[in-house]
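Engineer: Numbering of the sequence shown is given in my numbering, commencing with residue 2 and proceeding in unit increments.
From the three backbone atoms N, C-alpha and C, an ideal C-beta is built for every residue, glycine too.
Here it is, the structure in full.
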Amino acid sequence: MAIRVLGCSGGLDSAGGSTCIRVGENILIDAGTGLSALSIDEMRKIEHIFLTHSHMDHIAALPMFLSNMFEKVDHQVKVYAQAHTIEKLTTHIFNNEIWPDFRKVPTAQSPIVKFIETAPGDSFQLRSLMPFGTGAGMLTLFPVDHTVPTVGVSVRDDSSHFVFTSDTTAGDLLDRELNKLGEIDVLMIECSFTDDKHELAVQTKHMTPQMVDNTLSNLSRAPKEVWISHLKPSCAAELRPQLSKKYKVL
């Protein structure tokens, strides 16, 4: 399975864009500023975008990405998201004031984008998402604990299992959902703040290094690899030394 992390920063800096992950050549998980790492030709291959939640660092590039889909594209882009996320996008962004309502462009009968409502627990066969039915496996959404309705994403095929927690805090919900997923080859988990900012992490429903360690210790089976994402640029330099050297810090 080809997984490419286009961006995973927890904010805005010169080191890399915010959250956007490509699966194969035509699927994105989130649409943060990391999406700009794709060429125009690569963007035109994107058919499906799964949004984990409504926060700006996960949706920022979506409006301008869709503006690139008018020429040399013969498919409609499908954006999958929970009802809360779709409502916020259509009310506050695709409202013909901040950005055109692409649900009706170029025509209401044949728009360039379709929003599809999802819920935690929904699963999608990869062969139904990838070109010519070439994919084997499943993409599954699972609930996590953040300040707005948010899902993590599991992508499993015959050879590997990739799990992305998106933005979340530690706790029983995350432990239970990760354990339900079984054996994990790569767990991409967030860590936004240093350990001394524990209360801020709890308030904003993010993670610290200690919270990441505790979560991993509660798993019945350790992931083969752990990737750390979503470091806040303002404290990344202090945060990195607090993270175990066993982890790959993105």
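Taking only three categories from DSSP, how would you classify residue 194?
Structural biologist: Looking at residue 194 - three-state DSSP - the assignment turns out to be coil, as it is neither helix nor strand.
Engineer: If you check the beta carbons only, do residue 168 and residue 141 fall under 8 Å apart?
Structural biologist: In this structure, residue 141 does not lie closer than 8 Å to residue 168 by Cβ.
Engineer: Can you grab the Cα-Cα spacing for the pair residue 171 / residue 241, in whole Å?
Structural biologist: The alpha-carbon atoms of residue 171 and residue 241 are separated by roughly 19 Å.
Engineer: State the Cα-Cα distance for the pair residue 248 and residue 222, rounded to the nearest angstrom.
Structural biologist: Rounded to whole angstroms, residue 248 to residue 222 spans 16 Å at the Cα level.
Engineer: Tell me the residue span of the alpha helix (DSSP H) that contains residue 211.
Structural biologist: Here the alpha helix (DSSP H) through residue 211 covers 210-218.
Engineer: According to DSSP, is residue 118 helix, strand or coil?
Structural biologist: Note: residue 118 maps to strand in three-state DSSP.
Engineer: Quickly, what does DSSP pair residue 236 with across the bridge? List them, please.
Structural biologist: Paired residue(s): none; residue 236 is not in a bridge.
Engineer: With a CB to CB cut of under 6 Å and the five nearest residues on each side skipped, what residues in its chain are close to residue 209?
Structural biologist: Cβ neighbours of residue 209 beyond the five flanking positions: 194, 196, 199, 202.
Engineer: Looking at the strands, I want to know which residues DSSP matches up with residue 137.
Structural biologist: DSSP output for residue 137 lists no bridge partner at all.
Engineer: Please determine if the stretch 31-50 and the stretch 84-92 are in contact, where contact requires at least 3 C-beta pairs separated by less than 8 Å.
Structural biologist: No, the stretch 31-50 is not in contact with the stretch 84-92.
Engineer: Who are the near neighbours of residue 11 in its chain, counting only those whose CB is closer than 6 Å to its CB and skipping five residues on each side?
Structural biologist: Counting only Cβ-Cβ distances below 6 Å, and skipping sequence neighbours, we find 193, 231, 232, 233.
Engineer: Beta-carbon separation of residue 8 and residue 25 under 8 Å?
Structural biologist: Going by C-beta atoms, residue 8 is not nearer than 8 Å to residue 25.
Engineer: In terms of residues, what are the limits of the alpha helix (DSSP H) holding residue 94?
Structural biologist: Here residue 94 belongs to no alpha helix (DSSP H), and DSSP marks it neither H nor E.
Engineer: Helix, strand or coil, according to DSSP, for residue 66 in the structure here?
Structural biologist: It is helical.
Engineer: Give me whichever residues DSSP pairs with residue 151 in a beta bridge.
Structural biologist: Answer is 145, bridged to residue 151.
Engineer: Does the Cβ-Cβ distance between residue 213 and residue 190 come in under 8 Å?
Structural biologist: Going by C-beta atoms, residue 213 is nearer than 8 Å to residue 190.
Engineer: Taking 8 Å as the threshold (C-beta atoms), are residue 225 and residue 250 in contact?
Structural biologist: Contact flag unset, no.
Engineer: Just checking, does the stretch 87-96 make contact with the stretch 177-184 on the three C-beta pairs under 8 Å criterion?
Structural biologist: Flag = no, the stretch 87-96 and the stretch 177-184 do not touch.
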